[in-house]
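Read through the structure below, which is laid out as structure tokens, and then see the notes.
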Amino acid sequence: MGRRLRRELFRMVVSDLVGNHPNLHPERLDHYAGLVRRSTVEDPGWTAALLRWTRHDAGLAYTAHAGAAEFLAARLAAGLHGTSRQVVDSVLAEPNDPTWLLNYWSFKHGRALPKPLKRGIGDAVRRLYTEESVRDHDHVFISLRFGDVLNRVHPKPVDERQSALFRAILDRRYDPKAAECRPVPRPPAPAPLPRITGHTLLLVDLHAVERYGFEETVESVVRRCDRAEVVRFRRYGLPHDRRRRLLEVVRKRLRRHDRVLLVTEVQPLDEELSSAVPVHVPLHVWDLSEQDAEWASVSRHRYRHRGDPAGAPRALSLFEAGEQGLWPW
0 MGRRLRRELF RMVVSDLVGN HPNLHPERLD HYAGLVRRST VEDPGWTAAL
50 LRWTRHDAGL AYTAHAGAAE FLAARLAAGL HGTSRQVVDS VLAEPNDPTW
100 LLNYWSFKHG RALPKPLKRG IGDAVRRLYT EESVRDHDHV FISLRFGDVL
150 NRVHPKPVDE RQSALFRAIL DRRYDPKAAE CRPVPRPPAP APLPRITGHT
200 LLLVDLHAVE RYGFEETVES VVRRCDRAEV VRFRRYGLPH DRRRRLLEVV
250 RKRLRRHDRV LLVTEVQPLD EELSSAVPVH VPLHVWDLSE QDAEWASVSR
300 HRYRHRGDPA GAPRALSLFE AGEQGLWPW
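The sequence shown maps to residues 0 to 328 in numbering that gives the first Met the number 0.
Next comes the structure, spelled out in structure tokens:
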């Protein structure tokens, strides 16, 4: 499997940490689906590991569900058997995950469910559907409830107790008196952030950082760096003057750094800025304004996206690791 395809697919997954919800942009979703399909045929083992990591470690549920569905579709189209059932099961981690995966499949591929999809979801349902999960997650405002999932995939209960639970779920689904009770969301535990190795040149546009209240995130990045040179500056005036000031700072301060991280606003990653940094040195632009930054604009060693406090610090290390083929699973 070509390294270029691996890097591109991994970059696209990581970019979901710092972008809008994937289903809001059909063209981008179609591109992602195409990459997953190619990767599935060329190296199903690597692709399966990526999708499992995407759900369990990156916490990107929709990205993982879409990827598993396209993995299955690609295997079916190529006449390949095996693996798909296990991949489907591997991306279903929470009680509502079977619902979301079925919704995606129905939207993209129709209501007919192939056997590997049914069996993979059935395996997950046997793990995930418990008395507690039914109470906390099976609610009348959800379009495809637990009972609907059971009716579509027909999982075999593991014992009499689970058989009774499944019957209760079906009764609950068709009880018009069932009370609507919205769940209280439980925030996921934050993933530990890795160290940022090497020597980092951190360029901080104070006007942008102060305007968007990004000071604490900048400080947390500095603390994670093995070695950091922090340059704080201000940009004023017309766009041309602001651009000239930025390029002056980059050219003056860049020496033998291992990466450049620019925290600013309304700053495209254009050819002039990119050429100011050697092609082999990663350049990260965190655009706090979110202007034209719905998705990470990524290419080899060049990354621009909105400065999301939760996702951006983690994405930095993942982008760079992916370029070296250092997969996090």
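Note that beta-carbon positions come from the ideal geometry of N, C-alpha and C, so glycine has one too. All figures in this text were calculated on a predicted structure; none of them were measured in a lab.
- For Y173, does the count of other Cβ atoms within 10 angstroms reach 16, so buried, or fall short, so exposed? Within the sequence shown, residue 173 is the residue found at index 174, counting from 1. Result: exposed.
- Item | Buried/exposed call for E131, threshold 16 Cβ in 10 Å | Within the sequence shown, the letter at position 132 stands for residue 131. Counting Cβ neighbours within 10 Å, E131 comes out exposed, since fewer than 16 surround it.
- Residue closest to L16, alpha-carbon to alpha-carbon, out of G324, R313, W326: Against the sequence shown, residue 16 aligns to sequence position 17. When each option's Cα is compared against that of L16, the closest is R313.
- Residues of its chain near R84, where Cβ-Cβ distance is below 6 Å and the 5 sequence neighbours each way are ignored: Walking along the sequence shown from the start, residue 84 turns up at place 85. Closer than 6 Å at the Cβ level, and outside the excluded window around R84, lie P115, R118, G119.
- Message: Can you tell me which residues form a DSSP beta bridge with V297?
- Response: One-based indexing of the sequence shown puts residue 297 at position 298. Answer is Y302.
- Can you name the start and end residues of the alpha helix (DSSP H) that L100 belongs to? Locating residue 100 in the sequence shown gives position 101, where the first residue counts as 1. Run containing L100: 96 to 108, per the alpha helix (DSSP H) assignment.
- With a threshold of 16 other CB atoms inside 10 Å of the CB of Y235, please say whether the residue is buried or exposed. Taking the sequence shown and counting its residues from 1, one reaches residue 235 at position 236. Its Cβ having fewer than 16 others within 10 Å, Y235 is exposed.
- Task: Consult DSSP for G81 and reduce its assignment to one of helix, strand or coil.
- Result: The residue you call residue 81 lines up with position 82 of the sequence shown. Three-state result, G81: coil.
- Where V13 and S219 are concerned, what is the direct C-alpha to C-alpha distance, given to the nearest angstrom? Looking up residue 13 in the sequence shown gives position 14. Looking up residue 219 in the sequence shown gives position 220. Cα to Cα, V13 sits roughly 20 Å from S219.
- Query: G78 to H206, Cα distance in whole Å?
  - Reply: Mapped onto the sequence shown, residue 78 falls at position 79. Mapped onto the sequence shown, residue 206 falls at position 207. The alpha-carbon atoms of G78 and H206 are separated by roughly 57 Å.
- Message: So, does the region 244 to 255 touch the region 159 to 171, judging by three or more C-beta pairs under 8 Å?
- Response: no
- Item | Span separating the alpha-carbon of D307 from that of S288 | Counting from 1 along the sequence shown, the entry for residue 307 is found at position 308. Counting from 1 along the sequence shown, the entry for residue 288 is found at position 289. The straight-line gap from Cα to Cα measures roughly 10 Å.
- Item | Contacts around H300, its chain only, beta-carbon distance under 6 Å, and the 5 residues preceding and following it disregarded | Within the sequence shown, residue 300 is the residue found at index 301, counting from 1. Cβ neighbours of H300 beyond the five flanking positions: P281.
- Item | Start-to-end residues for the beta strand (DSSP E) that takes in W285 | The count along the sequence shown starts at 1 and reaches residue 285 at position 286. Counting along the chain, the beta strand (DSSP E) containing W285 begins and ends at 282 to 286.
- Task: State yes or no: is the C-beta of H55 within less than 9 Å of the C-beta of A111?
- Result: By one-based count along the sequence shown, residue 55 stands at place 56. By one-based count along the sequence shown, residue 111 stands at place 112. Not in contact: H55 and A111 (Cβ atoms no closer than 9 Å).
- Query: Quick one: what's got a C-beta closer than 7 Å to E322's C-beta in the same chain, skipping five residues either side?
  - Reply: One-based indexing of the sequence shown puts residue 322 at position 323. Cβ within range, chain order: R6, R299, H300.
- Proximity below 9 Å, CB of N95 to CB of S142: For the purposes of this step, residue 95 is identified with residue 96 of the sequence shown, where counting begins at 1. For the purposes of this step, residue 142 is identified with residue 143 of the sequence shown, where counting begins at 1. No. Outside cutoff.
- Query: Who are the Cβ neighbours of E228 in its own chain at under 6 Å, not counting the five residues just before and after it?
  - Reply: Taking the sequence shown and counting its residues from 1, one reaches residue 228 at position 229. Excluding residues within five positions, the ones whose Cβ falls inside 6 Å are L200.
- Query: Going along the chain, which unbroken runs of the beta strand (DSSP E) with 3 or more residues stay wholly within the region 218 to 264?
  - Reply: 224 to 232, 258 to 263
- Query: At what residues does the alpha helix (DSSP H) containing G1 begin and finish?
  - Reply: Reading the sequence shown from its first residue, position 2 is the one you call residue 1. Run containing G1: none; DSSP gives neither H nor E here.
- Query: Hey, quick one: how far does the beta strand (DSSP E) through T199 stretch, first residue to last?
  - Reply: Translated into positions along the sequence shown, residue 199 becomes position 200. Where T199 is concerned, the enclosing beta strand (DSSP E) stretches over 195 to 204.
- Query: Can you tell me the Cα-Cα spacing of C224 and F165, whole angstroms?
  - Reply: Walking along the sequence shown from the start, residue 224 turns up at place 225. Walking along the sequence shown from the start, residue 165 turns up at place 166. If you take the alpha carbons of C224 and F165, they lie about 51 Å apart.
- Message: Check this for me: beta carbons of H283 and F318, under 9 Å apart or not?
- Response: What you label residue 283 is simply residue 284 of the sequence shown in a count that begins at 1. What you label residue 318 is simply residue 319 of the sequence shown in a count that begins at 1. For H283 and F318, yes; Cβs fall inside 9 Å.
- Query: In terms of alpha-carbon separation, which member of V297, R254, S296 lies closest to R277?
  - Reply: Against the sequence shown, residue 277 aligns to sequence position 278. In the sequence on display, residue 277 carries Pro and not Arg. Among V297, R254, S296, the Cα nearest to that of P277 is on R254.
- Message: Could you give the first and the last residue of the continuous alpha helix (DSSP H) run that contains N150?
- Response: The sequence position of residue 150 within the sequence shown is 151, counting from 1. N150 -> alpha helix (DSSP H) spans 145 to 152.
- Is it the case that the Cβ atoms of L8 and V35 are separated by a distance below 9 Å? On the sequence shown, residue 8 is found 9 positions in, with the first residue counted as 1. On the sequence shown, residue 35 is found 36 positions in, with the first residue counted as 1. Contact: yes.
- Task: Grab the span of the alpha helix (DSSP H) containing D29 for me, first residue to last.
- Result: To locate residue 29, count along the sequence shown from 1; it is residue 30. That run of the alpha helix (DSSP H) goes 25 to 41.
- Query: Nearest CA to the CA of A65: which residue from P43, P21, V203, E41?
  - Reply: The sequence position of residue 65 within the sequence shown is 66, counting from 1. The shortest Cα separation from A65 among P43, P21, V203, E41 belongs to P21.
- Message: For a test of the three-state rule: what should DSSP assign to Q161, helix, strand or coil?
- Response: Taking the sequence shown and counting its residues from 1, one reaches residue 161 at position 162. Helix at Q161.
- Task: Could you give the DSSP three-state label for I141: helix, strand or coil?
- Result: If you number the sequence shown from 1, residue 141 lands on position 142. Coil, per DSSP.
- Query: In terms of residue numbering, what span does the alpha helix (DSSP H) encompassing D122 cover?
  - Reply: On the sequence shown, residue 122 is found 123 positions in, with the first residue counted as 1. That run of the alpha helix (DSSP H) goes 114 to 127.
- Message: Excluding the 5 residues flanking P193 on each side, which residues of the same chain have their C-beta closer than 8 Å to its C-beta?
- Response: Looking up residue 193 in the sequence shown gives position 194. Within the same chain, P193 has close Cβ partners R223, R313, S316.
- Message: Taking the beta carbon of V183 as the centre, do at least 16 other beta carbons fall within 10 Å, making it buried, or is it exposed?
- Response: Numbered from its first residue, the sequence shown carries residue 183 at position 184. Only weak support is given to the placement of V183: the predicted model assigns it a pLDDT of 49, under 50, and the question is left unresolved by the model.
- What are the boundary residues of the alpha helix (DSSP H) that E131 is part of? Translated into the one-based positions of the sequence shown, residue 131 becomes position 132. E131 -> alpha helix (DSSP H) spans 130 to 136.
- Task: Could you pull the start and end residues of the alpha helix (DSSP H) that F70 belongs to?
- Result: Your numbering for residue 70 matches position 71 in the sequence shown. Counting along the chain, the alpha helix (DSSP H) containing F70 begins and ends at 60 to 76.
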